[in-house]
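Below: the structure, in structure tokens.
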Amino acid sequence: MNQEALEALLQDLSLEEKVYQLIQYQGANYSEDAVLTGLLDRNHITPRELGMAGSTLCIWGADKLRKIQDACMAVQPHHIPMLFMLDVIHGHRTVFPCPLGLGASFSPALVEQSAAVAARESAAEGVHVTFAPMADLVRDARWGRCMESTGEDACLNGQMAAAMVRGFQGDDLRSPEHIAACVKHFAGYGAPVAGKDYQNIELSEYTLREFYLPAYKAAIDAGAKMVMTGFHACNGIPCTGNTWLMQQVLRQEMGFDGVLISDYCAVNEMVTHGFCEDLAEAAGTAMDAGVDIDMEGRSYAAALMKLVQSGAVPVARLDEAVRRVLRLKNELGLFEDPYHGASEARAGEVVLRADHRALARKIVAESLVLLKNQDGLLPLRKGKIAFVGPCGEDADLRSAWSFSGDPADSVSVRQAAEELGWETRFAKGCTLLDNDTRHALGLFHTDAWKEENDTLLREAEEAAAWADTVVVCLGEHRLQTGEAASRVHLRLPEIQLELLRRVAAQNRNVVVLLFNGRPLVLDEVEQYAGAILECWLPGTEGGHGILDVLTGAVSPSGKIPMSFPYAEGQEPMSYDHFSSGRPAVPGTETYVCRYLDCPDEPRYPFGYGLSYTTFALTGAALSDREMYPGKTLTVTASLENTGRRAGSEVVQLYLRDVTGSRIRPVKSLKGFRKIFLQPGERRQVSFTITEEMLRFYTRRDRWESEPGRFRVYLGTDSRVEEYLEFTLLQN
Ligand code: BGC
Numbered sequence: 001m002n003q004e005a006l007e008a009l010l011q012d013l014s015l016e017e018k019v020y021q022l023i024q025y026q027g028a029n030y031s032e033d034a035v036l037t038g039l040l041d042r043n044h045i046t047p048r049e050l051g052m053a054g055s056t057l058c059i060w061g062a063d064k065l066r067k068i069q070d071a072c073m074a075v076q077p078h079h080i081p082m083l084f085m086l087d088v089i090h091g092h093r094t095v096f097p098c099p100l101g102l103g104a105s106f107s108p109a110l111v112e113q114s115a116a117v118a119a120r121e122s123a124a125e126g127v128h129v130t131f132a133p134m135a136d137l138v139r140d141a142r143w144g145r146c147m148e149s150t151g152e153d154a155c156l157n158g159q160m161a162a163a164m165v166r167g168f169q170g171d172d173l174r175s176p177e178h179i180a181a182c183v184k185h186f187a188g189y190g191a192p193v194a195g196k197d198y199q200n201i202e203l204s205e206y207t208l209r210e211f212y213l214p215a216y217k218a219a220i221d222a223g224a225k226m227v228m229t230g231f232h233a234c235n236g237i238p239c240t241g242n243t244w245l246m247q248q249v250l251r252q253e254m255g256f257d258g259v260l261i262s263d264y265c266a267v268n269e270m271v272t273h274g275f276c277e278d279l280a281e282a283a284g285t286a287m288d289a290g291v292d293i294d295m296e297g298r299s300y301a302a303a304l305m306k307l308v309q310s311g312a313v314p315v316a317r318l319d320e321a322v323r324r325v326l327r328l329k330n331e332l333g334l335f336e337d338p339y340h341g342a343s344e345a346r347a348g349e350v351v352l353r354a355d356h357r358a359l360a361r362k363i364v365a366e367s368l369v370l371l372k373n374q375d376g377l378l379p380l381r382k383g384k385i386a387f388v389g390p391c392g393e394d395a396d397l398r399s400a401w402s403f404s405g406d407p408a409d410s411v412s413v414r415q416a417a418e419e420l421g422w423e424t425r426f427a428k429g430c431t432l433l434d435n436d437t438r439h440a441l442g443l444f445h446t447d448a449w450k451e452e453n454d455t456l457l458r459e460a461e462e463a464a465a466w467a468d469t470v471v472v473c474l475g476e477h478r479l480q481t482g483e484a485a486s487r488v489h490l491r492l493p494e495i496q497l498e499l500l501r502r503v504a505a506q507n508r509n510v511v512v513l514l515f516n517g518r519p520l521v522l523d524e525v526e527q528y529a530g531a532i533l534e535c536w537l538p539g540t541e542g543g544h545g546i547l548d549v550l551t552g553a554v555s556p557s558g559k560i561p562m563s564f565p566y567a568e569g570q571e572p573m574s575y576d577h578f579s580s581g582r583p584a585v586p587g588t589e590t591y592v593c594r595y596l597d598c599p600d601e602p603r604y605p606f607g608y609g610l611s612y613t614t615f616a617l618t619g620a621a622l623s624d625r626e627m628y629p630g631k632t633l634t635v636t637a638s639l640e641n642t643g644r645r646a647g648s649e650v651v652q653l654y655l656r657d658v659t660g661s662r663i664r665p666v667k668s669l670k671g672f673r674k675i676f677l678q679p680g681e682r683r684q685v686s687f688t689i690t691e692e693m694l695r696f697y698t699r700r701d702r703w704e705s706e707p708g709r710f711r712v713y714l715g716t717d718s719r720v721e722e723y724l725e726f727t728l729l730q731n
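Those letters in the sequence shown? Residues 1 to 731, by the working numbering.
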């Protein structure tokens, strides 16, 4: 439809039709043919209202969505197609590693491909929009949604979020291969006070702009069609009604002109926040802030029509919101093909296609982080290998946000190990969780738990005593990480630690595989394991990708995207903190910025990860010692694979602004490159340093650079100490 026709359609809509374009009901309300369901009864929504709504969420399935589309379009006086939205977060039916694992791959190119696969599969099953990427920066491992983020760094997150947007949306949104992306949760949702989900955030404008906003901006610059507001209040004002954030920062400064949707019921929740008196005020406040769609909440449905009739919400504002929704439908080609190419036949062809699985396997291997490898315990040598631990048998290696994936399609560590034909034994060892935790998560629990575990532990001990090497698979339950899954204890459950102790008493060669969606406190794991491989929540091809690395077919190359603490009390933490006036440098033990009872640094820092081979990064050089305004510099170095295996290393560029009108981070990542080298191979690596990279929110409240000295670090993790220096000259 051309722009004039779209505008004519908008002008022809009744007030009621317009308002309904901005209302989104939960997909569970729709049965196959959009007739009343039980839920609908309870929710007091009439079939007509369901049909009139502009969009829905959380359903998929080609036939089902085609029928719902037909039924809803029949109800609509202008037969406007509905938008189907879903959380396609890290894959659809082919599930990729959780976003924290994707971040660990340090490979935006692969992440883009994974998003393209997710788009192809979900589009074939009727989805038009995904609620991804989540570009929230995370620094507090207590927050369960770390799992959905790509990590603690603005540059890494920005590159990953942009890659996901490109992968989802492609060049042509009308294509049945692509869906629209929705960046979330604007803004700063990853910094809740005390790591508790949904809590407010307290961030200075400087901190917000320096660390939290850049990744959303990168996704918007990559063309993301939608943005979602956060549930939380930002410095006292709920995001969903935060005019400064949504109008000034998002619309004006970032230039975002797409659809802004609230998070689930976030409009209504402004009443619970104590920010609005009732749903009518909440609806008016959200409209005022620029929120176009009310997700599942009933505020727009309850009040928007009256607010427009009374003039409290101007017709022009209503039209603006509806125009954006219609424009997105048009960009997706829904007026010509309301199914966007979805059909059971197409889904049958693309879902879990062999190349999708192969990509997932590759990405799993690239996302694994080798944290420790004493005496070259890994890769495994052929011999008697025991796989023990609850995560090894489990094919459900997905996250809580991969509900469209089916565990039946997944490959467990056990399955992949059995395929090898090696001499292996398997023992579950213990249940993943103890009884009380299962109860707390609403999972099945049994009084027979203790005896069951005693038997499992004994079997694991026997397997460990038999083996040359024991691979112990431990981790979090998928419901322990994700939304509403904040925790203050970041250790593995006691029952799993007991298994580890008992196994270690039988066998000195212990390899631990970790399955988790957040950094954990690993003290006992460190104590007993000779090698530790961080596997995240790896998804459909988890077992294969892990075995590729365990056997040495692939060298591990993942890097830590979020610092692992020694103790929970260190949280929140990140490598790019500001310098205090009294940093704890060696030799200054008293009255310095440190803990008395815990190291100052993380156990595993950002950017860290081992390989089976070794690399030498040498000869770093800058093209000039001075940078003239408007010009760039180049920093180069040589990377050589000095070991005996092929492998990839991630070269990381960090900058430090030595003096600023506001104190600056001790180091900030500005670029990274993952490079694959054969043994003995050497390659020049170079990065361009631009004046844009030096900008920050200065004391003049402007995003600009300041002349002065800058340090340049090239390294293979964030601890790199050697640097070169240049001066940015005055304009
Ligand atoms: C989450 C969002 C998600 C939405 C729709 C909310 O609870 O915060 O991230 O996109 O639900 O499922």
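All C-beta atoms, glycine included, are put in the ideal place defined by N, C-alpha and C. All of these numbers come straight from a predicted model, not from anything done at the bench.
**Asked** Alpha carbon to alpha carbon, what distance is there between A154 and R174?
**Response** What you label residue 174 is simply residue 174 of the sequence shown in a count that begins at 1. What you label residue 154 is simply residue 154 of the sequence shown in a count that begins at 1. Rounded to whole angstroms, R174 to A154 spans 31 Å at the Cα level.
**Message:** Using beta carbons (cut-off 7 Å, strictly below), is S343 in contact with chain C?
**Reply:** The structure shown has no chain C; it contains just one protein chain.
**Prompt:** Among S623, A365 and G376, which has the Cα closest to the Cα of H544?
**Reply:** As a position in the sequence shown, residue 544 is number 544, starting the count at 1. Checking every option, the nearest Cα to that of H544 belongs to A365.
**Prompt:** Looking at C-beta atoms only, is the number of pairs between the segment 50-64 and the segment 72-87 that lie closer than 8 Å three or more?
**Reply:** yes
**Request:** Classify C239 as helix, strand or coil using the three-state DSSP reduction.
**Result:** As a working note, residue 239 is residue 239 in the sequence shown. Helix, per DSSP.
**Request:** Quickly, what does DSSP pair T659 with across the bridge? List them, please.
**Result:** Locating residue 659 in the sequence shown gives position 659, where the first residue counts as 1. For T659, which the question treats as bridged, DSSP gives no partner whatsoever.
**Message:** I need the DSSP call for V651, collapsed to helix, strand or coil.
**Reply:** By 1-based counting over the sequence shown, the position of residue 651 is 651. Here V651 sits in strand by DSSP.
**Asked** For E721, is the classification buried or exposed, using 16 other Cβ atoms within 10 angstroms of its Cβ as the cut-off for buried?
**Response** For this step, residue 721 is matched to residue 721 along the sequence shown. With fewer than 16 other Cβ atoms within 10 Å, it is exposed.
**Helix, strand or coil at K559 [DSSP, three-state]** = To locate residue 559, count along the sequence shown from 1; it is residue 559. If DSSP states are grouped into helix, strand and coil, K559 belongs with coil.
**Prompt:** Mind checking whether the beta-carbon of F131 lies closer than 6 Å to any heavy atom of the ligand BGC?
**Reply:** The residue given as residue 131 occupies position 131 in the sequence shown. Yes - the ligand BGC has a heavy atom lying nearer than 6 Å to the Cβ of F131.
**Asked** Starting from C276 and walking both ways along the beta strand (DSSP E), at which residues does that stretch end?
**Response** On the sequence shown, residue 276 is found 276 positions in, with the first residue counted as 1. Premise fails: C276 is in no beta strand (DSSP E) and is neither H nor E.
**Message:** Any contact between the segment 136-148 and the segment 189-206? By contact I mean 3 or more CB pairs, one from each, below 8 Å.
**Reply:** yes
**Item:** Cα-Cα separation, E704 to E692
**Value:** On the sequence shown, residue 704 is found 704 positions in, with the first residue counted as 1. On the sequence shown, residue 692 is found 692 positions in, with the first residue counted as 1. Going from the Cα of E704 to the Cα of E692 covers about 8 Å.
**Request:** Could you have a look at Q24 and say whether DSSP puts it in helix, strand or coil?
**Result:** In the sequence shown, residue 24 corresponds to position 24, counting from 1. For Q24, the three-state secondary structure derived from DSSP is strand.
**Asked** What is the DSSP secondary structure of Y300, counted as helix, strand or coil?
**Response** Numbered from its first residue, the sequence shown carries residue 300 at position 300. Helix.
**Request:** Check whether the Cβ atoms of F710 and F726 sit closer than 7 Å, and answer yes or no.
**Result:** Within the sequence shown, numbered from 1, the residue matching residue 710 stands at position 710. Within the sequence shown, numbered from 1, the residue matching residue 726 stands at position 726. Yes, Cβ-Cβ distance for F710 and F726 is below 7 Å.
**Item:** Buried/exposed call for D548, threshold 16 Cβ in 10 Å
**Value:** By one-based count along the sequence shown, residue 548 stands at place 548. Buried is the call here.
**Message:** Please tell me whether, using a cut-off of 6 Å, the distance from the CB of Y612 to the nearest non-hydrogen atom of the ligand BGC is below it.
**Reply:** Taking the sequence shown and counting its residues from 1, the one referred to as residue 612 is at position 612. It does not: the Cβ of Y612 is nowhere closer than 6 Å to a heavy atom of the ligand BGC.
**Prompt:** Can you tell which of L522, Q570, S555 and G27 has the C-alpha that lies nearest to the C-alpha of P379?
**Reply:** Position 379 of the sequence shown, counted from the start, is the residue given in the question as residue 379. For P379, the nearest C-alpha among the options comes from S555.
**Prompt:** Do three or more CB pairs link the segment 416-429 to the segment 374-394 at distances below 8 Å?
**Reply:** yes
**Message:** I need the boundaries of the beta strand (DSSP E) containing F710, first residue and last residue.
**Reply:** Counting from 1 along the sequence shown, the entry for residue 710 is found at position 710. Where F710 is concerned, the enclosing beta strand (DSSP E) stretches over G708 to G715.
**Prompt:** At a cut of 8 Å, does the segment 179-193 reach the segment 161-171 through at least three beta carbon pairs?
**Reply:** The segment 161-171 and the segment 179-193 touch, with three or more beta-carbon pairs separated by less than 8 Å.
**Beta-carbon proximity of D576 to S668, cut-off 7 Å** = Taking the first residue of the sequence shown as position 1, residue 576 is located at position 576. Taking the first residue of the sequence shown as position 1, residue 668 is located at position 668. It is a contact, given that the beta carbons lie within the stated cut-off.
**Request:** Following the continuous beta strand (DSSP E) through E423, name the residue where it begins and the one where it ends.
**Result:** By 1-based counting over the sequence shown, the position of residue 423 is 423. Per DSSP, E423 belongs to the beta strand (DSSP E) from E423 to A427.
**Request:** Closer than 7 Å is what we want: which residues have a beta carbon that near any heavy atom of the ligand BGC? List them in chain order.
**Result:** L57, C58, D87, F131, M134, K184, H185, M228, F231, D263, Y264, M295 and E483
**Prompt:** When burial is assigned at 16 or more other CB atoms within 10 Å of the CB, is R664 buried or exposed?
**Reply:** In the sequence shown, counting from the first residue as 1, residue 664 sits at position 664. Label assigned to R664: buried.
**Request:** Say whether the segment 642-650 touches the segment 596-616, bearing in mind that this needs 3 or more beta-carbon pairs closer than 8 Å, one atom from each stretch.
**Result:** In this structure the segment 642-650 lies against the segment 596-616, because at least three pairs of beta carbons, one per stretch, are closer than 8 Å.
**E732 versus C535: straight-line alpha-carbon distance, rounded** = It is not possible to answer for residue 732, since the shown part of the chain is limited to 1 through 731.
**Request:** Measure the beta-carbon distance from V738 to M160 and round it to whole angstroms, keeping in mind my assumption that it falls under 8 Å.
**Result:** There is simply no residue 738 to check, as the chain begins at 1 and stops at 731 in what is shown.
**CB contact flag (V165, A222, <7 Å)** = To locate residue 165, count along the sequence shown from 1; it is residue 165. To locate residue 222, count along the sequence shown from 1; it is residue 222. The answer is yes: Cβ separation under 7 Å.
**Message:** For T588 and G680, I'd like the C-alpha separation in whole angstroms.
**Reply:** Start at 1 with the first residue of the sequence shown, and residue 588 comes out as number 588. Start at 1 with the first residue of the sequence shown, and residue 680 comes out as number 680. Roughly 42 Å separates the two Cα atoms.
**Request:** Using alpha carbons as the reference points, say which of R120, E296 and P133 lies closest to S343.
**Result:** The sequence position of residue 343 within the sequence shown is 343, counting from 1. Residue R120 is the option with its Cα nearest to S343.
**Message:** So the candidates are M246, N268, T455 and L22; which of them puts its Cα closest to the Cα of G297?
**Reply:** As a working note, residue 297 is residue 297 in the sequence shown. Measuring from the Cα of G297, the nearest candidate turns out to be N268.
**Prompt:** For A218, which of F231, I201 and G255 has the nearest alpha-carbon?
**Reply:** For the purposes of this step, residue 218 is taken as residue 218 along the sequence shown, with counting starting at 1. Ranking the options by Cα distance to A218, first place goes to G255.
**Message:** Count Cβ pairs between the segment 331-350 and the segment 519-529 that sit closer than 8 Å; are there 3 or more?
**Reply:** no
**Request:** Return the Cβ separation of M287 and R317 in integer angstroms, given the expectation that the two are a contact with Cβ distance under 8 Å.
**Result:** One-based indexing of the sequence shown puts residue 287 at position 287. One-based indexing of the sequence shown puts residue 317 at position 317. Sure, about 6 Å apart at Cβ, within 8 Å.
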